[in-house]
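Enquirer: Provided herewith is a single structure, encoded as structure tokens, for subsequent inquiry.
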Amino acid sequence: MAGLKLQAVSKSWDNKTQVIQPLTLDVADGEFIVMVGPSGCGKSTLLRMVAGLERVTSGDIWIDRQRVTEMEPKERGIAMVFQNYALYPHMSVEENMAWGLKIRGMGKAHIQQKVAEAARILELDGLLKRRPRELSGGQRQRVAMGRAIVRDPAVFLFDEPLSNLDAKLRVQMRLELQQLHRRLKTTSLYVTHDQVEAMTLAQRVMVMNKGVAEQIGTPVEVYERPATRFVASFIGSPAMNLLEGKISADGTRFELEGTMALPLGGMQNSHRGRAVTLGIRPEHIALSSQTAGGIPFMVDTLEMLGADNLVHGRWGEQKWWCALGIRNARNPAVRYGCICLKTICISLIKKMDNVYE
């Protein structure tokens, strides 16, 4: 196993357009790090820099305590799994997995041993003679991972490997990736725009935006204590509700425009009288059976999703939209005929103690 270190790494085009701001990251031996962010945030560019496919403008990259910044990709001890599988269509599964070892001059017996071991791990034993066109999307992706495994890399690099799969297959492959990492314990850097992949696969998540690492932390830390407004709004589906207002003079209420005010779980002494943005997760809001202590809520639309149902509407006088996670789909208060453009009441079921400036 080997660690990975990025030290003040940056990237710019023509020394003018900065696409990656100076970024430092330490990945421990055997750790699984996921980089997540919207399209164009720089995550794939950063991965390609680690792989040696893009030149580093400034800073250094270290793999297994060796500086690899100027090294060729083949000298870095990495293996990369791509979104589009990158399999040779005229070769069998076995030949695809063995090709990288063959061109490195490895002996035939050793190659067969490596391929057989990877095929057993990935449950590809019965598919070794098939061509890629005879495989499902999930099987093709396993072949791509097998081709990486046989190389015994110091670091695995994954570039959105599940993006081309359907929803059901993505769930299955997420589980297989988790099991594979627990078995191999290889240092891994994984890129995705899918926050579900990030939250379920990662030991730590790096949330990127416009070439900046906005936050690095465990999935729980990133979800429960987002460091910036962007992280708060990006992580979570449905997204966190963000309200503009200020803390009351005594620190006990969050005051919106007009006459609306929300009670805070504890006194916010450090923010008394100051303008802030308050974040509330949709699942921290529930229907109230009583108007006392509740907040009038104007419902506009309802999305029936089965176990979770989302209500979109407005609070108070301002045109602000929110989504509520409602677990009970049979609740008569949230049926289509009952709630459309009706006023209901909600109450918070968790202290609103996360104040983001």
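In our numbering, the protein residues as written are 185 to 541.
All C-beta atoms, glycine included, are put in the ideal place defined by N, C-alpha and C.
Being a predicted model, the structure only gives us computed values, none of them experimental.
Just to confirm, are C225 and N393 a CB contact at a threshold of 8 Å?
Expert: A contact, by the Cβ cut-off of 8 Å.
Enquirer: Ends of the alpha helix (DSSP H) at R324?
Expert: Its alpha helix (DSSP H) spans residues G321 to I333.
Enquirer: Cβ atoms of L207 and L190: under 8 Å apart, would you say?
Expert: The answer is yes: Cβ separation under 8 Å.
Enquirer: Label I469 either buried or exposed according to how many other C-beta atoms from any shown protein chain fall within 10 Å of its C-beta, with 16 as the threshold for buried.
Expert: By the neighbour-count rule (16 or more Cβ atoms within 10 Å), I469 is buried.
Enquirer: Since S242 is in the beta strand (DSSP E), which residue starts that stretch and which ends it?
Expert: Here the beta strand (DSSP E) through S242 covers S242 to I247.
Enquirer: Verify the CB distance criterion: does G224 have a CB-CB separation below 8 Å to chain B?
Expert: Note that chain B does not occur in the displayed structure, where there is just one protein chain.
Enquirer: So A186 and A338 are in contact, right, with Cβ under 8 Å, and what is the actual spacing, rounded?
Expert: Correct: roughly 4 Å between the Cβ atoms.
Enquirer: Leaving out five residues before and five after I431 in sequence, what residues of the same chain have Cβ atoms less than 8 Å from its Cβ?
Expert: Closer than 8 Å at Cβ, skipping near neighbours: R437, F438, E439, L448, Q452, H455, R456, G457, R458, V460 and V539.
Enquirer: Of the choices E467, Q250, D248 and I204, whose alpha-carbon is the least far from that of S242?
Expert: Nearest option by C-alpha distance: I204.
Enquirer: What does a CB cutoff of less than 6 Å around A282 pick up in its chain, not counting 5 residues either side in sequence?
Expert: Hits under 6 Å: I295 and V299.
Enquirer: From S196 to L462, what does the alpha carbon distance come to, in whole angstroms?
Expert: Cα to Cα, S196 sits roughly 35 Å from L462.
Enquirer: Could you tell me which of M424, T253 and A235 sits nearest to E467, measuring between CA atoms?
Expert: Among M424, T253 and A235, the Cα nearest to that of E467 is on M424.
Enquirer: Between the C-alpha atoms of L486 and G497, what's the straight-line distance to the nearest angstrom?
Expert: Near 9 Å, if we compare the C-alpha coordinates of G497 and L486.
Enquirer: Are the CB atoms of V234 and L373 nearer to each other than 8 Å?
Expert: Going by C-beta atoms, V234 is nearer than 8 Å to L373.
Enquirer: Spatial neighbours of A397 within its chain, please: C-beta separation below 6 Å, excluding the five flanking residues on both sides.
Expert: The answer, listed in chain order, is L207 and M390.
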